[in-house]
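Below: one structure, written as structure tokens.
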Ligand SMILES: NC(=O)c1ccc[n+]([C@@H]2O[C@H](COP(=O)([O-])OP(=O)(O)OC[C@H]3O[C@@H](n4cnc5c(N)ncnc54)[C@H](O)[C@@H]3O)[C@@H](O)[C@H]2O)c1
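Right, here's the structure in full:
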């Protein structure tokens, strides 16, 4: 079955998972709206898409997901008139014991990943309702389900995303809209590269041991998750085959949470 081309808004698409998935989605023929607080990075993603093999299209836009003005501006613009799929992906990590966790960092993680997900979802839903179709995919993590030391803000935010998803799934069950949480374990992105150094300090281990002893150790499959795997899950969630799959978490974790 050929996938129906969709207009897909990806937040945090200037780097890592957002960028990798956007490239794959454009390759598969979708129109991808590349949103990031860092507009140069968003533009770079579009350049990568246009320079590679793609049957779909891409446009870049600056959206800080915590900024109501940015969100209003986008949804009043031509690009914002049709969003079939919202991939709430923007996020960040900070690793530190709670006692030395800077409060402004803690607040920022919650603002971007919880409040940002809420604000983007709220702004997208009226158009989806009007068109009678919508798919919202919120980026959770295995930290939506389990916890790690030194990640109190991230774990709190990702657990919150899981709860938020379930509530909004119930609120939108009267129309062909689904809301789900995608929960990958480690994907090798700039967010993870930065953590290798931070975790080396927190665990008092050399950086080269963090990947094997901390990151991949709890994963029975012992492999990073790839952009292609995440895109495959998204393609499934936005397909007709998943129209009754809502309020769920799709966990791609190499068996981590089966232990
Ligand atoms: N990399 C992993 O192992 C992993 C695993 C599970 C979940 N995740 C989640 O996936 C998402 C993407 O992570 P990544 O590893 O690709 O990170 P990344 O750091 O490579 O990319 C994050 C992007 O989000 C953007 N961003 C940050 N704050 C923003 C804001 N206020 N508004 C708009 N954009 C903003 C950044 O500019 C950046 O381009 C995050 O939600 C993260 O928690 C990552």
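Numbering (the numbering used here), first residue to last: 51 to 309. Every residue, glycine too, gets a C-beta built ideally from N, C-alpha and C.
Between residue 211 and residue 167, the gap from beta carbon to beta carbon is short of 7 angstroms. DSSP, reduced to helix, strand and coil, places residue 117 outside both helices and strands of the structure shown, so it counts as coil.
Per the coordinates, the alpha-carbon of residue 191 lies some 19 angstroms from the alpha-carbon of residue 72. Residue environment analysis places residue 148 among the exposed positions, since fewer than 16 neighbouring C-beta atoms fall within 10 angstroms of its C-beta. Where residue 136 is concerned, the enclosing beta strand (DSSP E) starts and stops at 135 to 138. Judged by pairs of C-beta atoms under 8 angstroms, the region 213 to 229 touches the region 294 to 309, as three or more such pairs exist.
Assignment of residue 309 by DSSP, reduced to helix, strand and coil, places it in the coil class. Under the criterion of beta carbons closer than 8 angstroms, residue 67 and residue 277 qualify as touching, at roughly 7 angstroms. A straight-line Cα-Cα distance of about 33 angstroms links residue 256 and residue 164.
For the pair residue 182 and residue 175, the Cα-to-Cα distance works out to about 10 angstroms. Of the other Cβ atoms in all chains shown, 16 or more fall within 10 Å of the Cβ of residue 70; this residue is therefore buried. Separation of the CB atoms of residue 266 and residue 283 is rounded to 20 angstroms, and the pair is thereby denied contact status at 8 angstroms. In the structure shown, the three-state DSSP call for residue 172 is helix.
With 16 or more neighbouring CB atoms inside 10 Å of its own CB, residue 74 falls in the buried class.
By the criterion of a C-beta distance shorter than 6 angstroms, residue 137 is surrounded in its chain by 60 and 187, once the five residues flanking it on both sides are discounted. The region 199 to 209 makes contact with the region 150 to 160: 3 or more CB pairs, one atom from each, lie closer than 8 angstroms.
Nearest neighbour of residue 270 by Cα position, chosen from 195, 139 and 303, turns out to be 303.
Residue state for residue 104 is assigned as coil, using DSSP reduced to three classes. Within a 10 Å sphere around the beta-carbon of residue 185 sit 16 or more other beta-carbons, which makes this residue buried. Rounded to the nearest angstrom, the Cβ distance from residue 99 to residue 76 is 5 angstroms, consistent with a contact under 8 angstroms. Look at residue 239 here: in three-state DSSP terms it is coil, with no helix or strand label. Taking 8 angstroms as the upper bound for CB-CB distance, residue 162 and residue 140 are in contact here, some 6 angstroms apart. Measuring C-alpha to C-alpha distances from residue 180 to each of 116, 109 and 134 identifies 134 as the nearest.
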